[in-house]
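Count the sequence shown with our numbering and you get residues 59 to 505, in order. Here's the structure we're looking at; comments come further down.
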Amino acid sequence: MKLAAEAVDLTAEKKRLEAYALYKPLFYFDKFKEFNENSVVSNEQASWRVLAEMSVSTFNVENFINVMKLWTEEPDKVYPPIEKSVLIETSTINNESYFIKRKLIPKRKEKDSELAELVTFHTDAKGCRVEFSPICDEISSIPYYYPKVNKFKYIFEQKIQTSSTESSTKGGKLILAVSEPFFDSSVENTKKHVGFTKRATYDSIVDKEQYNEIYKKLKTKYSKKLVENWTEKTDPLKHVYEDIAIASWLISMWSLENTCNENIDQVDKEKPKMKFLDLGCGNGLLVYILNNEGYTGYGVDQSPREFWKTLGKNTDLRCETIQPFELEADADWIIGNHADELVPWIPLVSARSGFKKFAVIPCCFHDLAGRVINPKVRKGESKYGSYCNFVGGIMEECGYVVERDFLRIPSTRNIVLVGRRESFDKGDNALLFTSFKSDCFALYDTY
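As structure tokens, this is what we get:
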């Protein structure tokens, strides 16, 4: 990459061509590959699609950063229609991140418009990510020479050393990813050109604008404190922003239920806020946010976390062994946020408790016996999708109408299944559990 950018004579050109001969990336124009990650710099949810990736052995983080800096300072090396760039602003966000705001100046000034752009560098132990974002409101403002995407980024993932004797700092993977979605429906031709197919429909249950407003508020209110006080060994950025997004989604959905009855236009402001039970609450973040937002409820997990101590007395977290077939929940909503073995049981617990409403986000693949299973995949279906269908099948057996939405979280396990409407009369409840008691462990064989 550096050779390609600096080639000015025949010797350098020869070396450039030799280096280019080694350039054999995998392209993903004809098939979808997702690169999910929380945007560390802006702390906003983003979904990314990989366009190309390639393993490298003679390249390291320093090489990557040097090339990215060169491309940022001299964009004409990458975009032939560009004459130069003008620096508008530069700022350091923290020890690992900084951004550059620049203006791209085209060669054909009489035909092409200038474009302001934000370039963000983030470096950590895993490698380096450089994100390019056009600063504009509409697709019509994007010049032809610039990609018609919300954002795109180049990523260098540092090679993980496999032994203590391995001293080389070179090697890793180069990735080019673009942010989904593309700007709007007017770029269908661009989508077809890169083989883009939309795989998920977001915000089918909640109002998108309301969700965004709630997410911004909760992010501002909680993110900094939670990240700074993180005591778990896991990535705080992923978990904090993921649970903020899930809390925002739940509050958005509950808000619609609180203000609407059977006729969605009839406002009923007397309904109280939802009372919840978070089964398998893990680090307790979701319970903490919901409690602090005024929702009555508690979380249960079989093992306490050290992080619970940092969440304060107002967060109702309980260490209990859960017996799902004996549990009757006193709550309006039961939540299963990546609750592993408990996920397939939550529809049964909800029905047994008097047809309570619930929302589950399936994660690991467990059956009702707690066994790890290998989901049976139908044509055009992923293993995760197949497992969600399995859980959906249990929901239907329990008498619920299955609703599905995709969450804006930094995880590929981002499907939420909602049970809040009954598909048969409550009188069938006793019969349901009589039959389930004898054959619930065999249910998976039908899916």
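Backbone N, C-alpha and C define an ideal beta-carbon position, used for all residues, glycine too. Model, not experiment: these values are computed from the prediction.
So what does DSSP say about residue i, is it helix, strand or coil?
i	result
Leu426	coil
Val401	helix
Cys186	strand
Pro164	strand
Arg107	strand
His396	coil
Glu315	helix
Val298	helix
Val407	helix
Glu378	coil
Ile263	coil
Ala235	strand
Ala417	strand
Leu369	coil
Thr69	helix
Ile473	strand
Can you name the start and end residues of the beta strand (DSSP E) that residue i belongs to?
i	result
Tyr86	It is not in any beta strand (DSSP E) - Tyr86 carries neither H nor E in the DSSP assignment.
Glu455	Counting along the chain, Glu455 falls outside any beta strand (DSSP E), though it belongs to the alpha helix (DSSP H) covering Lys441 to Glu455.
Tyr458	Tyr458 to Phe464
Phe210	Phe210 to Gln216
Tyr356	Gly355 to Asp359
Arg363	Arg363 -> no beta strand (DSSP E), and no H or E assigned at all.
Ser149	Ile140 to Thr150
Lys333	Counting along the chain, Lys333 falls outside any beta strand (DSSP E), and DSSP gives it neither H nor E.
Ile431	Where Ile431 is concerned, there is no enclosing beta strand (DSSP E), given that its DSSP letter is neither H nor E.
Is the distance from the Cβ of residue i to the Cβ of residue j below 8 angstroms?
i	j	result
Ala235	Ile213	yes
Ile302	Ile347	yes
Ser191	Leu176	yes
Phe540	Trp391	It is not possible to answer for residue 540, since the shown part of the chain is limited to 59 through 505.
Asn372	Asn349	yes
Ile123	Cys194	no
Lys159	Ile146	yes
Glu454	Ser481	yes
Leu385	Gly357	no
Lys161	Glu154	no
Val114	Gln216	no
Leu284	Ser306	no
Can you give the Cα-Cα distance for residue i and residue j, rounded to whole angstroms?
i	j	result
Thr69	Ala174	36 angstroms
Leu343	Gln268	21 angstroms
Ser361	Gln381	14 angstroms
Arg466	Arg166	40 angstroms
Asp388	Ala183	45 angstroms
Lys434	Ser444	6 angstroms
Arg363	Leu406	27 angstroms
Lys506	Phe334	There is simply no residue 506 to check, as the chain begins at 59 and stops at 505 in what is shown.
Lys211	Pro164	21 angstroms
Tyr156	Val188	10 angstroms
Ser408	Tyr458	10 angstroms
Lys231	Phe413	49 angstroms
Arg436	Gly428	23 angstroms
Glu286	Thr368	11 angstroms
Asn487	Leu400	For Asn487, the predicted structure reports a pLDDT of 49, less than 50, and the residue's modelled location is therefore unreliable. A value from the coordinates is still provided. So the two alpha carbons sit approximately 20 angstroms from each other.
His180	Glu196	27 angstroms
Which residues in the same chain have their Cβ closer than 6 angstroms to the Cβ of residue i, if we skip the five residues on either side of it in sequence?
i	result
Ile419	Asn395, His396 and Val474
Lys127	none
Trp312	Met332
Cys377	Pro362
Phe85	Ala110
Tyr203	Tyr137 and Pro139
Ile431	Phe423 and Asp425
The alpha helix (DSSP H) spanning residue i covers which residue range?
i	result
Phe122	Val119 to Glu131
Val345	Leu343 to Asn350
Asn6	The structure shown does not extend to residue 6, since the chain is modelled only from 59 through 505, so no value can be given for it.
Which residues in the same chain as residue i place their Cβ atom closer than 8 angstroms to its Cβ, once the five residues preceding and following it in sequence are excluded?
i	result
Glu131	Ser143
Glu300	Asn96, Ile467, Pro468 and Ser469
Arg479	Tyr458, Val459 and Glu461
Going along the chain, which residues of its own chain have a beta-carbon closer than 7 angstroms to the beta-carbon of residue i, five neighbours each way excluded?
i	result
Asp398	Gly338, Cys421, Cys422 and His424
Ser310	Val264, Asp265, Gln268, Tyr269 and Ile272
Would the C-beta of residue i count as close to the ligand PLP, meaning under 7 angstroms from any of its heavy atoms?
i	result
Gly451	Annotation note on the ligand PLP: not contained in the displayed structure, which lists no ligands.
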